[in-house]
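Residue numbers (my numbering): 674 to 882.
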Amino acid sequence: MAAFRLHCFPESGGCYKAALMLALCGAAWEGIPVDYYHGETRTPEWRARVSVMGEVPVVEHAGRSHTQSGAILTWLSQHFGRFAAEDREEELRWLLFDNHKFTSYLATWRWLVSFTPNPDAAVIAFFRARMENAFRVVEAQLAGRDFLLGNSPCIADISMQGYLHFPQEEWPLDLTPFPNIRAWIARFRAMPGWKPPYELLPGARFPKP
Numbered sequence: 674m675a676a677f678r679l680h681c682f683p684e685s686g687g688c689y690k691a692a693l694m695l696a697l698c699g700a701a702w703e704g705i706p707v708d709y710y711h712g713e714t715r716t717p718e719w720r721a722r723v724s725v726m727g728e729v730p731v732v733e734h735a736g737r738s739h740t741q742s743g744a745i746l747t748w749l750s751q752h753f754g755r756f757a758a759e760d761r762e763e764e765l766r767w768l769l770f771d772n773h774k775f776t777s778y779l780a781t782w783r784w785l786v787s788f789t790p791n792p793d794a795a796v797i798a799f800f801r802a803r804m805e806n807a808f809r810v811v812e813a814q815l816a817g818r819d820f821l822l823g824n825s826p827c828i829a830d831i832s833m834q835g836y837l838h839f840p841q842e843e844w845p846l847d848l849t850p851f852p853n854i855r856a857w858i859a860r861f862r863a864m865p866g867w868k869p870p871y872e873l874l875p876g877a878r879f880p881k882p
């Protein structure tokens, strides 16, 4: 059995954040696919056995379960001594911004346009506008920097990469107005250990409508 076990499903950007961190750290890990679409994580048995929150990702290591992607990234950074920013408060600030604005709006918009049958056009437009606003904030932050807080990636960078490496047709946003974000994505793809989500995460793919 691998030292780290990641409960996950392949379309989840949250799961990809944890998998990417493990891969970039060179960890020995295995993915444990969950049948998310048929409600496995929401059953009383799964909640009692794996996580009371009924969500993935969940990382198991040394008899303990770790949940919530931001907390997982923080713990893995401490465990491996890698990807920690010098300014931990700034790192936390951008980690929270990601979970509240950047990832949340992008993930919801992607799900609506790629996995939801007959989505409401007004709802799609609402989330797209919120997503583009968050992208503009990150684009400005990356001006003159390779990564969010300087020349080296930290866990806030890894967190924000959660949905940026899924196939472009799943989140058809024109990145021409965001050259700093495009370059940032490319820097991650050049890092040792990087792989795209559908190569890292096991499990049956969700049938698109």
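Built from N, CA and C at the ideal position, the CB exists for glycine as well.
Beta-carbon proximity list for residue i, same chain, < 6 Å, skipping 5 on both sides
i: Ala758; result: Glu764, Leu822 and Cys827
i: Arg715; result: Gly727
i: Asn772; result: Gly743
Which listed residue (the options) has its alpha carbon closest to that of residue i
i: Pro683; options: Phe677, Gly704 and Ala700; result: Gly704
i: Phe727; options: Val707, Leu873 and Asp819; result: Before going further, note that residue 727 is Gly rather than Phe in the sequence given. Closest by alpha carbon: Val707.
i: Met804; options: Gly687, Asn824, Ser825 and Phe770; result: Phe770
i: Ile831; options: Tyr710, Thr714, Trp867 and Pro852; result: Trp867
i: Val729; options: Gly687, Pro880, Pro792 and Trp857; result: Gly687
i: Asn853; options: Lys881, Val810 and Trp844; result: Val810
i: Glu842; options: Gly754, Pro792 and Trp784; result: Trp784
i: Arg855; options: Pro880, Tyr871 and Phe820; result: Phe820
i: Ala721; options: Pro850, Ser738, His711 and Tyr710; result: Ser738
i: Gly876; options: Cys681, Ala795, Glu718 and Lys774; result: Cys681
CB contact check: residue i to chain D, cutoff 8 Å
i: Leu769; result: Going by chain labels, chain D is absent from the structure shown, which holds only one protein chain.
Assigned exposure category for residue i - 16 Cβ within 10 Å defines buried
i: Gly736; result: exposed
Taking contact to mean 3 or more Cβ pairs, one atom from each stretch, closer than 8 Å, check whether the segment 775-792 and the segment 829-839 are in contact. yes
Restricting to runs no shorter than 4 residues, where is the alpha helix (DSSP H) found entirely within the segment 832-873? 852-862 and 870-873
Entirely enclosed beta strand (DSSP E) segments - the segment 686-717, minimum 3 residues: 702-706
For the structure I just gave you, are there three or more beta carbon pairs, one from the segment 693-704 and one from the segment 856-866, closer than 8 Å? yes
At what residue ranges does the segment 756-814 contain a whole run of the alpha helix (DSSP H), taking only runs of 4 or more? 761-770, 776-788 and 794-814
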